[in-house]
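Take a look at the structure below.
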Amino acid sequence: MGSVGAKDVPVLIGEDGRRIDGRRADELRPMKITAGALHQADGSAFVEWGMNKVMAAVYGPREVHPRHLQENNKAIVQCRYNMAAFSVDERKRPGLDRRSQEISKVIAEALESVVFAEEYPRTSIDVYIEVLQANAGTRCAGVVAASVALADAGIPMVDLLPSVAVGKVAGHIVLDLKKEEDNFGEADMPMALVPQSGRLVLLQMEGRLSKAEFATALDMGVAGCKTIYGTMKQALRDRYNVTGSDPTEAGQ
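Count along the sequence shown from 1, then add 23; that gives the number in our numbering.
Quick look at the structure:
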């Protein structure tokens, strides 16, 4: 979140309560998910979410590299999140920076919490997330893409893992921040949860929220995740022409 002069801040919430792109406070950006977008990966997914374009590929379970990371009683989940140098307007140095390494670790831990890793001891499930175009919320898009890719690879999971960011913009709690709202807003809270149990497996926050604002944001995020969950399931149904069964088992 940048610090600029007040005269440089765009009008983020209009007098009619609509946001800078015309959305309501609790409205998601348009989302399209394509499962199985890559043929050479064990599982893959391409997510178009607003102006974000994110590809995820899953390989494994396979031999662990480096070998010393091997776990005797379960698989490990390794994640590599990367923003392409051309994904943002400003110049970005190619390769993994500290932010990408931090997000990689956070996503790996979130995914490992829903994967039945004990089914594949002494192996690695490798997840690659490539941000091709970025407009805020890329870690959430990465979680969504990776979760669908894991299901596409036939990796058994507790459930799919929807993710979304909630924030505070011009004094209002809003769902699914876009770039201007993320840059000039007062708070940003990405989250991911297991829909059927409501268990949060990722929750971070930058900025400040009051206790009441946090409760409102959490409720809004849970509702947003449930909507995204439906889109994720539909992507897998479309991929496998599945009707009336659990799409997370479609790749098995």
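Positions of the beta carbon are idealized from the N, C-alpha and C atoms, including for glycine.
N-terminal and C-terminal residue of the alpha helix (DSSP H) that residue i is part of
| i | result |
| --- | --- |
| M255 | 234-263 |
| D175 | 161-175 |
| V129 | 121-135 |
Closest residue to residue i among the options (Cα-Cα distance)
| i | options | result |
| --- | --- | --- |
| D65 | A193, S186, A176 | A176 |
| L119 | T146, N105, V129, H195 | N105 |
| A98 | E203, V137, D112, I43 | V137 |
| G83 | G73, Q101, Y252, D49 | Q101 |
| L35 | R260, F109, A193 | A193 |
Host beta strand (DSSP E) of residue i (start-end)
| i | result |
| --- | --- |
| N206 | N206 -> not in any beta strand (DSSP E); alpha helix (DSSP H) instead, spanning 202-207. |
| E153 | 147-156 |
| K191 | 186-192 |
| I99 | 99-106 |
For residue j and residue i, believed in contact at Cβ under 8 angstroms, the rounded distance
| i | j | result |
| --- | --- | --- |
| V189 | I196 | 7 angstroms |
| A79 | V150 | 7 angstroms |
| D199 | D205 | Not confirmed; about 10 angstroms, so no contact. |
| S170 | L134 | 7 angstroms |
Per DSSP, cross-strand counterpart(s) of residue i
| i | result |
| --- | --- |
| E94 | The partner list for E94 (beta bridge, DSSP) is empty, contrary to what the question assumes. |
| I178 | In the DSSP output, where bridge partners are listed per residue, I178 has none listed. |
| L226 | M214 |
| K55 | E71 |
| L198 | V189 |
| request: Spell out a yes or no on whether the stretch 53-63 and the stretch 138-149 are touching, meaning 3 or more CB-CB pairs, one atom from each, closer than 8 angstroms. | output: no
| Three or more C-beta pairs closer than 8 angstroms, one from the stretch 224-243 and one from the stretch 30-45: is that the case here? | no
| query | Using 8 angstroms as the Cβ pair cut-off and three pairs as the minimum, do the stretch 199-218 and the stretch 162-182 touch? | reply | yes
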